[in-house]
Amino acid sequence: MRTSAHSVAVVVFDEVELLDVAAPLQAFAVAGRHWNWRPYKVFMVGRAAGRVETRSQVALEVSCTLSDCPAVELLIVPGGYGARRALDDSALISWLAERGAAAKLVGSVGWGGLLAARAGLADAVAVALPSEAALLLAEIAPAARAADPGERLVDAGKLVSVAESAAALDLGLQLVARTLGDKLALAAAHKLGHEWTTGAGARPPLRIEISGKA
Numbered sequence: 046m047r048t049s050a051h052s053v054a055v056v057v058f059d060e061v062e063l064l065d066v067a068a069p070l071q072a073f074a075v076a077g078r079h080w081n082w083r084p085y086k087v088f089m090v091g092r093a094a095g096r097v098e099t100r101s102q103v104a105l106e107v108s109c110t111l112s113d114c115p116a117v118e119l120l121i122v123p124g125g126y127g128a129r130r131a132l133d134d135s136a137l138i139s140w141l142a143e144r145g146a147a148a149k150l151v152g153s154v155g156w157g158g159l160l161a162a163r164a165g166l167a168d169a170v171a172v173a174l175p176s177e178a179a180l181l182l183a184e185i186a187p188a189a190r191a192a193d194p195g196e197r198l199v200d201a202g203k204l205v206s207v208a209e210s211a212a213a214l215d216l217g218l219q220l221v222a223r224t225l226g227d228k229l230a231l232a233a234a235h236k237l238g239h240e241w242t243t244g245a246g247a248r249p250p251l252r253i254e255i256s257g258k259a
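Under our numbering, think of the first position of the sequence shown as 46, with each following residue one higher.
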């Protein structure tokens, strides 16, 4: 088993969705905790050093900027309202394109999937998106395609995406499975009290049908 930590870059921007950042990082933190081992080294990456405000009124601290971030193996692109505005940030898109191409795995949450697609990281593969973001995909990235509605997690090889913030923990666990193996991912899910199945990632959504009396 590899003993050195996997390097992870999480892109953050004003009005990023806190859960999109925190949930995958919690999966990373729990994986390996049983052996007092930290398998991931995380960098918060932003346009400038300092605080970044989230939609949840909790600030995040940028640990490195686009220009000084070291090489990373995993790239996480969260969503939120701020991701919509970041679609017009040419410097960020260029950085995502360069670092995403060099990374082993890219994970996206919600509107972050549209950012990844704009950077060319979803070309020729399906990406899970919120319904309103999926409507813009053909305009933003004609070479990408939106996953079928209702697909909570899509593992398309290099790109692993989830459509909603509620599935961000599943994204983290799927990335743990891809980097450390299914056994550690399942152990982390159990530790977190989260029902997660290996391979497919998140369990299927619950379907409830209500029929009236004849």
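For every residue, glycine included, the Cβ atom is placed at its ideal position computed from N, Cα and C.
Over what stretch of residues does the beta strand (DSSP E) that includes residue i continue unbroken?
i, result
"Lys86", "85 to 91"
"Ser206", "204 to 207"
"Ala173", "Premise fails: Ala173 is in no beta strand (DSSP E) and is neither H nor E."
"Val199", "198 to 200"
"Arg96", "95 to 98"
"Leu150", "150 to 154"
Out of the options, state which residue places its alpha-carbon closest to the alpha-carbon of residue i.
i, options, result
"Val171", "Ala192, Lys203, Glu98", "The question names Val, but residue 171 in the sequence shown is Ala. Comparing Cα-Cα distances from Ala171 to each of Ala192, Lys203, Glu98, the minimum goes to Ala192."
"Val56", "Glu240, Ser176, Ala93", "Ala93"
"Leu237", "Pro69, Arg83, Gly226, Gly145", "Pro69"
"Gly217", "Val61, Glu60, Ser52, Val66", "Val66"
"Val61", "Ala188, Arg96, Arg47", "Arg96"
"Gly91", "Leu150, Asp215, Leu225, Leu120", "Leu120"
"Ala116", "Leu141, Glu98, Gly195", "Leu141"
"Tyr85", "His239, Arg223, His235", "Arg223"
"Gly202", "Ser153, Ala183, Val103, Leu64", "Ser153"
Please confirm whether residue i and residue j have their CB atoms less than 7 angstroms apart.
i, j, result
"Phe58", "Gly127", "yes"
"Ala76", "Leu231", "no"
"Arg144", "Gly125", "no"
"Asp168", "Ala189", "yes"
"Ala212", "Val221", "no"
"Ala50", "Phe88", "no"
"Leu132", "Arg163", "yes"
Under three-state DSSP, which class holds residue i?
i, result
"Ser108", "coil"
"Ala192", "coil"
"Gly125", "coil"
"Leu119", "strand"
"Gly145", "helix"
"Ser101", "coil"
"Gly226", "coil"
"Leu182", "helix"
Mind checking which residues open and close the alpha helix (DSSP H) that includes residue i?
i, result
"Ala54", "Counting along the chain, Ala54 falls outside any alpha helix (DSSP H), though it belongs to the beta strand (DSSP E) covering 51 to 56."
The stretch 204 to 211 touching the stretch 149 to 161, judged by at least three CB pairs closer than 8 angstroms:
Judged by Cβ distances under 8 angstroms, the stretch 204 to 211 makes contact with the stretch 149 to 161, as three or more pairs qualify.
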